[in-house]
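So the structure is just underneath, and the comments pick up after that.
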Ligand code: TMP
């Protein structure tokens with residue numbers, strides 16, 4: 001049976017590296033949000049671009065969800081139906097953590113909009129890479145920062161606490177991995193959380 005596995009976490013936790021390692025080990029389709037389709041990558045460039053710093057939280061949410069709807073229908077659902085595993089770098093958890101806990105939009109409304117956008121497609125497992133905000137900032141490579149990396153620590157602390165609450169509320173689906181170790185240590189912990197085929 002194909003599996004849909006999502007990696008979630010805040011800024012600088014090493015999610016993209018770990019998603020690539022996990023997808024390689026599983027022979028899974030590797031994809032990301034916002035992005036994963038040419039439409040989604042255009043949306044990604046728009047929402048991460050700091051020239052849109054006045055983007056309203058509701059507009060930001062709808063852009064994330066537009067990218068998700070396209071991603072589900074164009075990439076994720078077809079891959080799962082073909083029997084492939086899918087590893088996705090961020091999904092619905094990021095909308096609840098960033099737009100809900102971070103921006104302050106109402107969680108129940110967000111969950112409803114998200115469910116509509118993903119139309120029944122939901123992860124079998126979500127692995128949360130948890131790391132202190134300061135440690136994430138120190139890991140970030142030098143270079144220009146996007147709209148989210150530019151947020152204050154208080155925003156990123158709300159996002160981190162939000163992710164941990166989401167994980168606590170759905171322990172059957174979510175696993176929390178300490179992301180403070182080396183790439184190899186974290187990869188081992190992710191593989192242990194995911195189970196068969198992940199090593
Ligand atoms: P990343 O690829 O470096 O994780 O950047 C994507 C950014 O988009 C990240 O800061 C989190 C943000 N994001 C949201 O705010 N809501 C969402 O639903 C998703 C998928 C991402």
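In the working numbering, the protein residues as written are 1 to 199.
From the three backbone atoms N, C-alpha and C, an ideal C-beta is built for every residue, glycine too.
Remember, predicted model here, so these are calculated numbers, not experimental data.
Asked                                                                                                               : Found
Rounded Cβ spacing between residue 200 and residue 32 (contact assumed at less than 8 Å)                            : A query on residue 200 cannot be resolved here, the shown segment of the chain reaching from 1 to 199 and no further.
For residue 114, the three-state DSSP class (helix, strand or coil)                                                 : helix
As assigned by DSSP and simplified to three states, the class of residue 91                                         : coil
Own chain partners of residue 26 with C-beta closer than 7 Å, once the 5 adjacent residues on each side are dropped : 85, 87, 197 and 198
Proximity test, residue 34 beta-carbon vs the ligand TMP heavy atom, cut-off 7 Å                                    : yes
Where the alpha helix (DSSP H) through residue 17 begins and ends                                                   : 15-26
Assumed close pair residue 75, residue 37 - CB separation to whole angstroms, cut-off 8 Å                           : 6 Å
Cβ shell of residue 102 (< 6 Å), same chain only, five flanking positions each side left out                        : 155, 158 and 159
Residue 146, DSSP secondary structure in three states                                                               : coil
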